[in-house]
Each structure stands twice: as structure tokens, then as C-alpha cells.
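Below is one structure, written out as C-alpha cells, with a few remarks after it.
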Amino acid sequence: MSSDVLVIGAGLSGLVAATEACDAGATVTILDQESEANLGGQAYWSFGGLFLVDSPEQRRMGVRDSLELARRDWWGSAQFEDHDHLPRQWAEAYLEFASGPKRAWLHDMGVRFFPIVGWAERGDGTAHGHGNSVPRFHITWGTGPGVLAPFVARAKDHIRAGRLRVLFRHRVNELVVEGGKVTGASGAVLAEDTAARGIPSSREQVGDFTLRADAVIVTSGGIGGNHDMVRAQWPPRLGSPPQTMLTGVPAYVDGSMMPIAQDAGAHILNPDRMWHYVEGIGNWDPVWPQHGIRILPGPSSLWIDARGNRLPDPAFPGFDTMATLRHLRGTGHDYSWFILNRRIIEKEFALSGSEQNPDLTGKSVRQLAGRLGSGAPAPVEAFLRHGEDFLQGESVEELVSRMNALTATCPNVGDHAELDPADVAELIAERDAQVDNPFAKDRQIQAIHAARGYLGDKIMRAVPPHRLTDPEAGPLIAVRLRVLTRKTLGGLHTDLQGRVLRGVGAVGAGGVGAAGVGADGAGVGGVGVGGVGAVGAGPVGGEAPVVEGLFAAGEAAGFGGGGMHGHNALEGTFLGGCLFSGRIAGRAAAG
């Protein structure tokens, strides 16, 4: 069995790469260890946000954006290092794409956008540092499934035409290398499994396979579902890794292709760069193990750590994810708290994920109108009723008592810290004393005023400043927050054609740990305790040799170049990175 191009992974970047290669005249085979129910991978579960620059949606909202401003924001956020030669080039190319053909390319395939542009990652408060200077988060009408739909349709067209075949339940264990060139892949055929999308599947092996191809594209995703691998690669600059984390991606996002690619000669760049959210909550209706959901917060909730200390500027809700993660990892606890009230949660809480936004996912204008009315959106209301992390109280004393009781009886969040009701009440009083003052010195209150200066936030995301203890806005609410694993920002080192660069000598100080068995005792596990080695022994410049026949795209390639985001992300750039790098790799692999 052979084809011109072999794509490993049927997620968004794999579908884009495969369909682009087919459009270029190549025959393509896609392999995926999961069943057809999981076609589209983790992109299916996403909120569908896309980073666009100077879009019609921005202009209609009165937002003035430009490529130059976006470039300044990206470079200030990325904090590239000397070895990031190709990641810089990928970032520049992606910005040109996001400000140029990206929207038209998607629009021509039927993708549409919600008219109100979101303002994510508002930044660290400096002109030269991290953050979006303007709103750029464009929500796809249809969320993640809406992004996937045109590529699934294109794939089906190519299947009918005989140019594409998709082999599910095929797990790659090895890349075939002949004469220094990757010429295919081999592995195990897994037993059929009828589990629903996202549910862990059987790893029972019923056969084996070998497939040949002129080019192989690795689009297998990141490591967010493999906590051992996340901890092994956790960077010291972010403090110690949490003892306990929630998982924001299905279990199959396990990084298992990384050591397999290394065995074929590939270099991994920046394996210690990762993006995990700090506003994670346990899913009361989970799909995969330790399933977490991220809160997309407005600016008004009071954020305190496990001991009751208010988080410092710029660690406000929705402002600087990495700075907040770094700060919280220094507290010695695996959780923190939002304190808010009913009025705030009704307008300012959104939940990330296609399944948590049935109005946008289902393209229902009628349901969407309900979001703009009174009351919390139905998915948020369900978490208020059923979520283990949500508490309510008529007074600060009652609320704090319930907060202490929750952490004392839940050993899965690290060491318990007892909150003092009087101290929490004083924090709230200090904050509330500023809300009626238009010249407030409290930086978070200033941020609320600034948010309401943007029409999109005033309509949907930011309530007028008011006292948390206002009886007409109650009851009080506390939400326990935990680290939620999500994205890998480093990956296979690729040139601007998506070709994987060859490693030179050892991979790094850590080395690749021995492969173990998966949690079910069958499949190949993740990287061992050593983790993937740190950068320093592989190629750095753009003239390094490539692994002939091997390409990579999406999260497996750090969304391009082995880390085009650098150390930070501006949001809406993950799905976009899959689209962009998949498009490039698919076209290049087709010749």
C-alpha cells in the first residue's frame, strides 16, 4: 500500500494538509489511531476563535488594527531567543497570512464569523510587552466544528474521487527510514471501537501495517493529554509543575509521535514551551479523564490565591495567562479562587469549547439572543448547579466557610489552605470602596472602565462597576480554579516549507525517556521521565539539513518552525496555526 503523501493524524492540521496535497494532484493516505467518530481531533472541541488582523468585523466594531501593530504585539509577547531563527520567520509569515489571505480563503469555503470581536490576552500593561493592543479574537459561527466543516467536506470529495483514503484505528509506532529518507510508516492496527467522540478507546492490537509514501507529514498534535510528559518538560521559569491538573484535551493528545520522529532523525525545538490555562474548572459532565473546561472571564471577578491574597497586576481575569500561571505556581498551591456575584456571572462568564456554546455551535440566532438577555447562559447555569468548583453564599462569612470546607475535603488539589473570613471581607471592602469613584486608583477597576469603553465588551462581556456585596447583585459566588493543560508551543523544528530539520548529535540534556505502556496497559506511552531534551544540541539556523521526506504541521510542529508563538500566545492563533502550517506542509509535500 502506497501513496504520494502519508499524513499521520486526522485533526485539523492533518485534514488541511491532506486536502491541500490532494488539490495539488497528490494521492494521500491519512492515518489515525482513533475511530472515525474522532475525525477532526481536538479542534472539534474548541471555541473556534481565530486571530485576524484589520478584518471587516474589527472595522465595524470601530477597531483600528494593522499588520505593524500586530507584529509589535506578537514580538512583545513571544520574547524570542537567539535560537528562534525559524520560529521568527514562521511568525512573520503567519502575520502576513492573518492580515492578508486568511479570512478570504476561509470565507470562500463558507466559514463565517460572529460579528462581535473578542478581546483576549489584554496584556501585561506595558506598550512593549505581552498582549493584544486591540480586540482580534474572531469567533467562528459554528465554533470548532464550523472551522472543521469545509475541510471535512473537501476530504469527502477527495475520497469519492479516489485521491484520498483515511485509515482509522492505525497507530504509528515507527517511521520507515531508507537511505536517510523517510519512506513511510509502520505500526499496529487496533481493534474497532464504537466509543463516542473524545472517550478513551481500546488499544487492543489486531494486526500490523506498513505504508509507503514519497512524503510523510506528522500532524499528531501536542502533549496536553499526557500529564507525565507535561511535568517532565515543565520549565523552571514557570515554577514547579502542579501535583494535580485538569485536562483540556482528549487522552489521545499524548505526544507519542515525538520520540518516534526523533528516532527518524528529527529535531525538537523548545519542548519546554507550553500554554496552560489557570481558569480551569472540573467538567461536571466529563467526556475524557480529568476533563476540565476553561472559563473565559470578563474583567470584574476578584482573583485570590489559595491563602486569600489578591493577585497582583497584571494577573487580572483575561489579561496575561503566562504571568498569572507563573505567579500562582509560586504560591505552593494548585488552585486559586474567583470571587464574584450573580450579576457578574450572568454577563461575564463564558465557557470555552464547542459543547459549552450550543448557540454558537448550532448557529442558532434564537439561542444567541438568550445570551444577550437576563440570566446566565444555560451551560454556565448548569455549572452553578452541578459543578464541584462553584459555591454560593449570602454573606462573605458563609461563602468562605464553604470554600474552606471544599478544599479540606478534596485532596486532589494539593495542600489545603484555610482562608480567614475577616481577611477576605477586607479585600472585598477595599475593592468595593473604589467602584463608585470614576478616578479609581484600583488597577482592576480601571481595567473594567477601559473594557466598557469597547462596544463589544459593553454589550457582552463587562458589567458596570459595582460592589461585590451589593445585595441586589447577589448572592456571592466563589469558583475554585485549577491549571488546565492545553497547548504545546514547541515541537518539530521545520523550515518554511514545513520540512522537518535533522537533529545534530544528542537531543539535549534531558534525552528521550524510554517508551512505557499506556495507562490501559497496552498502547505505547509517552516520553519517559527524562522528557524530550532541551534545545541546545540540534540545528539553530535556517541552513540545517532536513530529514528527507518528513514534514510536520500543527501543534506537532509548535504550529510552525518549532515554536512560532515564542513564550506566549495572543489567542486565536492555535487553530490558525493549524490552518497555516497544514496548508504549507500539504502543498510542499505534494511537490
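Numbering (the numbering used here), first residue to last: 5 to 595. Cβ coordinates follow ideal geometry from the N, Cα and C atoms, glycine included.
- Beta-bridge analysis with DSSP links N345 to L480.
- Taking 8 Å as the upper bound for CB-CB distance, Y98 and F584 are in contact here, some 5 Å apart.
- Residue state for G590 is assigned as helix, using DSSP reduced to three classes.
- In terms of CA proximity to A200, S39 leads the group L372, T492, S39.
- Three or more Cβ pairs closer than 8 Å define a contact, and the region 31 to 45 meets that threshold against the region 164 to 175.
- Look at M249 here: in three-state DSSP terms it is coil, with no helix or strand label.
- For T214, the enclosing beta strand (DSSP E) covers residues 209 to 222.
- Secondary structure of H134 (DSSP, three-state): coil.
- Within 10 angstroms of the beta-carbon of K462 lie fewer than 16 other beta-carbons, which makes it exposed.
- Three or more beta-carbon pairs separated by less than 8 Å are not found between the region 417 to 433 and the region 275 to 294, which leaves the two stretches without contact.
- A direct Cα-Cα distance of roughly 16 Å separates G243 from D324.
- At a cut-off of 3 residues, the continuous stretches assigned as beta strand (DSSP E) that sit fully inside the region 154 to 194 are 168 to 172, 174 to 182, 185 to 194.
- In the DSSP assignment, F394 forms a beta bridge with V483.
- In this structure, the beta-carbon distance from L403 to F394 does not fall below 8 Å.
- Per the C-alpha coordinates, the member of R241, A255, T223, F213 positioned closest to M233 is A255.
- Only residues of its own chain outside the window of five on either side were considered, and among them I227, N230, M233, G530 have a CB closer than 6 Å to the CB of G259, listed in chain order.
- Distance check between A557 and each of D8, P91, G66, E72 places P91 closest, using alpha-carbon atoms only.
- Ranked by Cα distance from W288, the options P383, P318, V253, W307 are led by P383.
- The continuous beta strand (DSSP E) containing G286 extends over residues 278 to 286.
- Comparing C-alpha distances from S399 to each of T413, S356, I343 shows the shortest one belongs to I343.
- For H111, the enclosing alpha helix (DSSP H) covers residues 106 to 112.
- At a Cβ-Cβ threshold of 8 Å, A319 and Y339 do not count as neighbours.
- By a beta-carbon distance limit of 8 Å, L423 does not contact G284. Their separation comes to about 20 Å.
- Check the Cα spacing between V467 and each of K160, R347, A41: the tightest is with R347.
- Considered as a whole, the region 256 to 332 harbours 261 to 267 as its complete alpha helix (DSSP H) runs of no fewer than 4 residues, in chain order.
- Nearest to W145 by C-alpha distance, out of T130, E125, F118, is F118.
- Sixteen is the threshold: when 16 or more other Cβ atoms of the shown chains lie within 10 Å of the Cβ of R486, as they do, the residue is buried.
- The shortest CA-to-CA distance from P301 to any of S356, N42, V291, E196 is the one to S356.
- A195 sits away from R175, with the two beta carbons spaced by 8 Å or more.
- Cβ-Cβ distances below 6 Å link A592 to Q501, G502 in the same chain, with the five nearest sequence neighbours on each side left out; the list follows chain order.
- By the CB criterion at 8 Å, L56 and A102 fall inside the cutoff.
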